Amino acid sequence: MQVEEQNGINGQKPSKFDEYENQILLNQLEQQKNKKLEKKVEIDKKFINSQENKNLIRYLNLVVDLTHTMNIQDLKPSRLSLTIQNLDVFVKQFFDKNPLSMLGLAVCKDGVCQQLIDFSSNADTFLSIIGHPRSQIRQVSDKGDFSLQYLIEEQIRQFIDAPLYANKEVLVIQSSPCTIDTGRL
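Quick note on full-length UniProt numbering: the sequence shown kicks off at 1 and runs consecutively.
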């Protein structure tokens, strides 16, 4: 190949025009290669900086306040029934949009937080508990108040087994306007 370049196509020495044309083609190829590389670097930066792509696996724990304030009927028929209806819709949409994620369900009443469902990726488990008429999520406590501090401590314990690469979140549905916490949060 080097012989062809030195001697030209038919054994002749390449003209200055051919050398110039070859140099232009090589420069154009190099520029195209650089542009593709720059675009790839730019796309990679966007992907890395994108919040959506950082943690594909989410660990979300739903915590529902089941103190006496859930029976208040300022929203018809009651805060509890509206919460249960919306939980049903939320669970379905959550698993549709986050198929690799895990969901947990806890309730707060009588000043304590109790985990009803450990982290699971099975929507049917949640829907059966939410829809069951005798489920613990439908049993509002007449005594005791909401404790945010105990809820936070319990949620920290729940996330101990979650992998480090997962995004850990807590969604609190609180009906009570205040907490019984005496300590600093």
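Ideal Cβ placement from N, Cα and C applies to all residues, glycine included.
None of the values given here were measured: they were computed from a predicted structure.
Proximity winner among the options, relative to residue i (alpha-carbon distances)
{"i": "Lys143", "options": "Gly111, Thr83, Leu105", "result": "Gly111"}
{"i": "Ser176", "options": "Asp88, Lys33, Ser141, Gly131", "result": "Ser141"}
{"i": "Leu151", "options": "Gln139, Ala106, Leu116", "result": "Ala106"}
{"i": "Ala166", "options": "Met102, Ser78, Ile130", "result": "Met102"}
{"i": "Arg134", "options": "Ile84, Lys35, Gln23, Ile43", "result": "Ile84"}
{"i": "Glu169", "options": "Lys40, Leu56, Ile180, Lys46", "result": "Leu56"}
{"i": "Ser120", "options": "His132, Cys178, Leu60, His68", "result": "Leu60"}
{"i": "Ile130", "options": "Lys45, Asn86, Leu164, Asp118", "result": "Asn86"}
Alpha carbon of residue i to alpha carbon of residue j, nearest angstrom
{"i": "Arg58", "j": "Glu21", "result": "56 Å"}
{"i": "Lys13", "j": "Leu29", "result": "24 Å"}
{"i": "Asn53", "j": "Lys16", "result": "Interpretation of Asn53 is limited by its pLDDT of 49, a score under 50 that renders its predicted location unreliable; the figure taken from the coordinates is listed afterwards. Near 53 Å, if we compare the C-alpha coordinates of Lys16 and Asn53."}
{"i": "Arg157", "j": "Phe146", "result": "19 Å"}
{"i": "Lys97", "j": "Phe90", "result": "10 Å"}
{"i": "Leu100", "j": "Thr125", "result": "16 Å"}
{"i": "Gln114", "j": "Cys108", "result": "6 Å"}
{"i": "Gln32", "j": "Asp18", "result": "21 Å"}
{"i": "Ala162", "j": "Gln155", "result": "11 Å"}
{"i": "Asn27", "j": "Ile43", "result": "24 Å"}
{"i": "Phe95", "j": "Ala123", "result": "7 Å"}
{"i": "Phe159", "j": "Ile180", "result": "24 Å"}
{"i": "Lys39", "j": "Ile24", "result": "22 Å"}
{"i": "Ile72", "j": "Ser78", "result": "6 Å"}
Local conformation of residue i per DSSP, three classes
{"i": "Arg184", "result": "coil"}
{"i": "Arg58", "result": "strand"}
{"i": "Lys16", "result": "helix"}
Beta-carbon gap between residue i and residue j smaller than 8 Å
{"i": "Leu80", "j": "Met70", "result": "yes"}
{"i": "Ile137", "j": "Leu171", "result": "no"}
{"i": "Gln149", "j": "Gly183", "result": "yes"}
{"i": "Leu66", "j": "Gln139", "result": "yes"}
{"i": "Asp74", "j": "Leu127", "result": "no"}
Check your understanding: Going along the chain, which unbroken runs of the alpha helix (DSSP H) with 4 or more residues stay wholly within the UniProt domain "Ssl1-like" (63-183)?
Key -> 79-97, 123-131, 148-158
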